[in-house]
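In this note's numbering, the protein residues as written are 19 to 399.
All C-beta atoms, glycine included, are put in the ideal place defined by N, C-alpha and C.
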Amino acid sequence: QYLLKLYSILTLVSFNSKPGTLPFFTCRMVQLSMKHGICKYSLIGLVQYAAMGCSHMMISNIQQACQIGKFALAGLKRFSLCSSTDQLARLFSIYYGFVAFYSEPIQSCIDNLVKGFECGIATGDTLSGFLCAIMHVRISLVGGMSLPNLLEKVDYYQEVMFKHSSLHVKTQLSLFRDTILTLMGKGCNISSELPDEEGNLLTELVYYHKAMRAYWSGHSERSHYFVEKLFQGINNSGGRHQRRFFLLYYGLNSFKVMKQTSSQKLKAVPRDVLKALKVAACYSEGNFRSKVHLLEAEIFSREGSNEEARASYDASIEYARSSKFVHEQGLACELAGLHCRKVGDNMSAWSFFNQAKQCYCEWGSQMKVQNITHQLEQIGV
């Protein structure tokens, strides 16, 4: 038990400073647990092992990883509440931040990450608590939570964090705050200009945020540049997990970049991404099926298969609506509008753009509302 406790501490340190050593410590924890039996520190090793299984771009180990993660959480019931509460925040930060996204509704992940934050603060495990806070903000952003409400939540986390001196956590919250402000159309501050150090976990987060801001702002080449930097600089932990949050946008953005280049490598991106998203959708329809249909629609549109494209756009919009991904619903409507305008169906284009405007307004992105308003004025229906 004490050796596992030591390894548990080492995995936390390695995640933040030496990610390349994380698999060794994690596998050693699992090995010791299988040999000598399960204790509460074994649960950290198991859920960390599950997170490793979800870290690859092609998502080949998702089902087993999710089963292991759920087994680790179920293991909490084996130990008394008093003896295992100190592990709950960390378990929640790993499972609901890195694993559950593939098998459970996003809202469940969000709710449990909030619980993890509250438990971490209450038990004195502030680091795990604030990791839950970061994951809560990240997944809420991916899940289309109202941007003004999310900004308030970030400000609350920063206020609570003021008493603690974790520069890493403060920087991550600042990055998310600036990204939210950018999406709202209010610009951002200096967090995006952090110095680049290749291979650094924080640098990969900066690349992710720059790519995200550039995509939604319509700067396709800039977005592609930073996502390529992100994917090429992947380490063994956090970097790989950025892929799942940017796969859809990477695939969609490649169509825009292809208009300006004839790279054979780039032409393969949409179908490679589609393959990965389809695998993920097998385990979580609600979180991934709208993404699959949207990327399929763009592929059909590019190939000139207009009826198939229209059907896929409609399916993506419906799935996004049922999953309450208002930003993806708006994006699907926007791209459907562009498709209809391309084929000369201005009435349908106007209808889709108007729906997109309503979605972006609900999301709280004034930047996108202005962009869609410009599209509506160009149609002039």
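- H242 sits in a helix when the DSSP states are folded into three classes.
- Contact between L169 and I198 holds: CB atoms are separated by about 5 angstroms, below the 8 angstroms threshold.
- Boundaries of the alpha helix (DSSP H) around Y331: 324 to 340.
- Proximity to Y267 across K88, Q125, R96, L313 peaks at L313, based on C-alpha coordinates.
- Just measuring C-alpha positions, the residue of S323, N324, L349 sitting nearest S334 is L349.
- Less than 9 angstroms divides the Cβ of L353 from the Cβ of E316.
- Note on P288: 16 or more other CB atoms within 10 angstroms of its CB, so buried under the neighbour-count rule.
- Following the DSSP letters along the chain, one finds H392 inside the alpha helix (DSSP H) bounded by residues 384 to 397.
- Apart from the 5 residues on each side of it in sequence, Q82 sits with its Cβ closer than 7 angstroms to the Cβ of G71 in its chain, given in chain order.
- For K88 and A286, the gap between their C-alpha atoms comes out near 35 angstroms.
- In the structure shown, the three-state DSSP call for M47 is helix.
- P288 carries a helical assignment under DSSP once its states are collapsed to helix, strand and coil.
- Pairwise C-beta distances place the segment 108 to 125 out of contact with the segment 165 to 181, as fewer than three of them are shorter than 8 angstroms.
- In the structure shown, the three-state DSSP call for H237 is coil.
- In this structure, the straight-line span from the alpha carbon of Y113 to that of Q85 is close to 11 angstroms.
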